[in-house]
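**Student:** One line per chain: the protein sequences are A and B, in this order.
FYI, in this note's numbering the residues of the first sequence are 4 to 155.
FYI, in this note's numbering the residues of the second sequence are 4 to 155.
Built from N, CA and C at the ideal position, the CB exists for glycine as well.
The structure displayed is predicted, hence computed values, not measured ones.
2 protein chains.
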Amino acid sequence: MQEHEKLFKQYLEKKGLKLTSPRRFILEAAFNLHEHFNAEELYVSIKAITSGISLATVYRTIPLLMEAGLVQHAVRSDGRERYEHIYGHPKHIHWLCRKCGALTETDLSTLSPAIEVQAKGMQFCAEEIELSIRGLCWKCKSIDNENQIDER
Amino acid sequence: MQEHEKLFKQYLEKKGLKLTSPRRFILEAAFNLHEHFNAEELYVSIKAITSGISLATVYRTIPLLMEAGLVQHAVRSDGRERYEHIYGHPKHIHWLCRKCGALTETDLSTLSPAIEVQAKGMQFCAEEIELSIRGLCWKCKSIDNENQIDER
DNA sequence: ATATTAATGCAACTGATTCTCATAATTAGG
DNA sequence: CCTAATTATGAGAATCAGTTGCATTAATAT
């Protein structure tokens, strides 16, 4: 059994819940997707492997995975929640271009010590850190400049 | 005319749009709410002052306020988008307790220089920075510890 | 003033997420 | 192994935040 499956089982048992076959498939699928995903994309990737798992169950399982600390929110887009698996991934910063939608990720490690100092001061136990920066990527930034010149 | 109204007018004119009376009311309401708000709360606070402004117009105006740099996303909650006005507010960090929902804000200024260094390196023009940290506040942290002891 | 363009209210619509409920799977105790 | 008790599931209906179409109204330019 893989490490993340063990962790999920532990979490479920602590809550009096069961590690069923649909839950195992959903967990696996979440860890096989190495991009951010939304509920439907997760569902589609499961359908490719096995059948008879409903979208409702996917929606019901995602919160469990999050509470178990295996999956976390990513940047919301197109009016849908997006997620990413955590295990084995360092925390990171999301840079989202508001024009072309390009999403870049960088490491959070340079910033997190400073965050932890603040957390300690507040006696806050940080479990999930999300740093999202919206703006313009270098490509769109230069296009934007051209337009501004044209408009004048 | 207040400073933020001037800024909004400037933005609208640049886009060939008009500063109408509903838009002015919505802007004012957004700046009178000193908490995070969602579209409906904004709508309700406007209804208290004037009538005949529809929820649809509120929904249509919020993106304009955001593009004008006057309003930004806050931490989403209860499946709804939440917002806050920016003008005159320094950027900040949101600390959200996953148990009691308490939301604390602290200053981002200690971290933002480090963010800007990364942004410069990527040639990314950062317009909106959102640092959300989910976890347990000191109160719930101690309750949680008690429970864990009980459960054993 | 008048024409042109954009803005609005209203109500209908959309689409992601949640819920209901009847059925199926899982575990514990014999 | 059976049986009872509990939890999980699939299917589809329901919900509800957010969006849109459209006929009407308001704002600017001429």
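1. Roughly how many whole angstroms lie between the Cα atoms of D81(B) and T64(B)?
2. Going along the chain, which residues of its own chain have a beta-carbon closer than 8 Å to the beta-carbon of L139(A), five neighbours each way excluded?
3. Under DSSP, the alpha helix (DSSP H) around I49(A) begins and ends at which residues?
4. Taking Cβ-Cβ distances below 8 Å as the criterion, which residues of the region 108–140 of chain B are in contact with chain A?
5. Can you tell me where the alpha helix (DSSP H) with E70(B) in it begins and where it stops?
6. Please confirm whether K144(B) has its beta-carbon closer than 8 Å to some beta-carbon of chain A.
7. Are the Cβ atoms of L68(A) and A33(A) separated by less than 8 Å?
8. Count the C-beta pairs between the region 18–38 of chain A and the region 107–126 of chain A that are closer than 8 Å, then say yes if the count reaches three, no if not.
9. Determine, using beta carbons only, whether L58(A) and F11(A) come nearer to each other than 8 Å.
10. Which one of H76(B), K144(B) and E84(B) has the shortest CA to CA distance from E130(B)?
11. Where do the N-terminal and C-terminal ends of the beta strand (DSSP E) with Y86(B) fall, by residue?
12. Assuming I56(B) and P25(B) form a contact by the criterion Cβ under 8 Å, report the distance between their Cβ atoms to the nearest whole angstrom.
13. If you count every other CB in all the chains shown that lies within 10 Å of the CB of S135(B), and 16 or more means buried, which is it?
14. Looking at the structure shown, is E108(B) part of a helix, part of a strand, or coil, going by DSSP?
15. Compare the beta carbon distance of E8(B) and R27(B) with 8 Å and say whether it is the shorter of the two.
16. Beta-carbon within less than 8 Å of T109(A)'s beta-carbon, same chain only, minus the 5 sequence neighbours each way: which residues are those?
17. Helix, strand or coil for G55(A)? Go by DSSP, reduced to three states.
18. Beta strand (DSSP E) containing R137(A): first to last residue?
19. Per DSSP, which residues does H76(B) bridge with? Please list them.
**Tutor:** This is what the structure holds:
1. Approximately 22 Å, taken between the alpha carbons.
2. Its chain contains C100, R101, K102 and D147 as the residues whose beta carbon lies nearer than 8 Å to that of L139(A), once the 5 sequence neighbours on both sides are disregarded; these appear in chain order.
3. A42 to K50 is the extent of the alpha helix (DSSP H) around I49(A).
4. Those would be T109, T113, L114, A117, I118, Q121, A122, M125, Q126, F127, C128, A129, E130, E131, I132, E133, L134, S135, I136, R137, G138, L139 and C140, in chain order.
5. Segment L58 to E70, the alpha helix (DSSP H) holding E70(B).
6. Yes, its Cβ sits closer than 8 Å to a Cβ of chain A.
7. Their beta carbons are under 8 Å apart, which means L68(A) touches A33(A) by this criterion.
8. Contact annotation: the region 18–38 of chain A does not touch the region 107–126 of chain A, with fewer than three C-beta pairs closer than 8 Å.
9. The answer is no: Cβ separation not under 8 Å.
10. Answer by Cα proximity: H76(B).
11. Boundaries of the beta strand (DSSP E) around Y86(B): Y86 to H88.
12. Your pair I56(B) and P25(B) checks out as a contact, with CB atoms roughly 5 Å apart and the cut at 8 Å.
13. Residue environment for S135(B): buried (at least 16 other C-beta atoms within 10 angstroms of its C-beta).
14. Note: E108(B) maps to strand in three-state DSSP.
15. The Cβ atoms of E8(B) and R27(B) lie closer than 8 Å to each other.
16. Excluding five sequence positions before and after T109(A), the CB atoms of its chain that fall closer than 8 Å to its own CB belong to H95, I96 and W98, given in chain order.
17. G55(A) falls in the coil class under three-state DSSP.
18. Note, R137(A): beta strand (DSSP E), C128 to L139.
19. According to DSSP, H76(B) shares a beta bridge with Y86(B).
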